[in-house]
Each structure stands twice: as structure tokens, then as C-alpha cells.
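Notes to accompany the following structure.
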Amino acid sequence: MTTLSLVIRPERPEDAPAIDRLQARAFGPGRFARTAYRLREGAAERMDLGVTASVGSFLVGSVRMGPVRAGPSAFVMLGPLAVDPSFAGRGIGGTLTRATLEAARQAGEGLVILVGDAPYYTRFGFAPVPPGRLTLPGPVDPARLLWLELQAGFCAGVSGLVEAVRA
């Protein structure tokens, strides 16, 4: 097996068409029905926190974050994290996740939430949101609603319905 010549870099505006194609390959058309995707519709994106992975000129991975709020508390939501199916299992998703979380820390964010598999995301420090603390505007398995506190004490006052900050 050859080693990938993987380039990790911040997302740029011109990456948007390639990221859309990547998400279509990774998730298929059913992605639009998921609550996390519906929450992001028309929402702002934190371009400064987005990260991409490329092999040559081929975009093989992307992770984005968007601003959300629950009541007066503003924080960010990780996702989607997409890796081209032909490059799955090579650590690209983990590399992207670490890079975007570091960008969020550097930007002074206090909290990151996501909807995802706890066995995958706990290695980055994510934990299930305590029951009843946060809800999303649609059905979500509560075990898949995760959060990672980046600033000590930030989660203490966070509760309510999560809403996207619109573009």
C-alpha cells in the first residue's frame, strides 16, 4: 500500500462545488432528510473553521462548522464531516476532526455540538448531551447528540432548542 500524499488546508470559497460533489458521493440523496442537514439549510457557515483534505487535485475530505444557538448561548455545530468512500478507513476523518476542533479552540469557541456516532467521536472528547438539555428541530436519537466543551464552564448555562444562525 502506498502512502497518501494528503494535503490538509483551510476551506476556501472556491471549494464549495467540490465539497457539494463530495457530500453527494459520501451521503447520497437521503442526506437532505436528516435533521442535522435540515438545521443547516440557509444557515451561515464558519468558513474560518472549515477544513479540507485533498490528494493531488482531488478533494477527498471536508468538514464544516456553522454557528448555532440555544437561547442566549451561541456556539458551533460540527458537520458535515465527509470522506470520499474510496478513501474511507485511512484516518482522513480523524485528521479533519482534529484540525477543525483546533481551529474552533483558536477562534475562542466555547462549545461544539454534533449529531454522530458516539463510539467514533468520544476519542476527540465528545460526550452525549445530558437528557433534556438540548433539542434539535426534528427527530434525533438522543444518544447521537454530542457535545465538546472547549472552554471550562461554558456548558453550565446551555439548554433549549438549537437553532442555526442564518446567513
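If you use my numbering, the sequence shown corresponds to residues 279 to 445, in order. Cβ coordinates follow ideal geometry from the N, Cα and C atoms, glycine included.
Proximity below 9 Å, CB of residue i to CB of residue j
i, j, result
"Leu327", "Ala385", "yes"
"Glu289", "Val354", "no"
"Ile297", "Thr373", "no"
"Leu439", "Pro415", "yes"
Pairwise C-alpha distance: residue j and residue i
i, j, result
"Ser332", "Val338", "5 Å"
"Arg324", "Leu389", "14 Å"
"Arg342", "Pro408", "24 Å"
"Ala322", "Ala302", "20 Å"
"Ser437", "Leu423", "13 Å"
"Gly403", "Pro420", "17 Å"
"Ala442", "Leu300", "23 Å"
"Ala352", "Val346", "6 Å"
Counted within 10 angstroms of its Cβ, other Cβ atoms place residue i as buried (16 or more) or exposed
i, result
"Ser340", "buried"
"Leu356", "buried"
Reference residue i; option with closest CA among the options
i, options, result
"Leu428", "Glu380, Arg287 and Arg347", "Glu380"
Opposing strand residues paired with residue i [DSSP bridges]
i, result
"Thr330", "Arg287 and Ser340"
"Arg347", "Ala352 and Glu441"
"Ala366", "BP columns for Ala366 are empty, so no partner."
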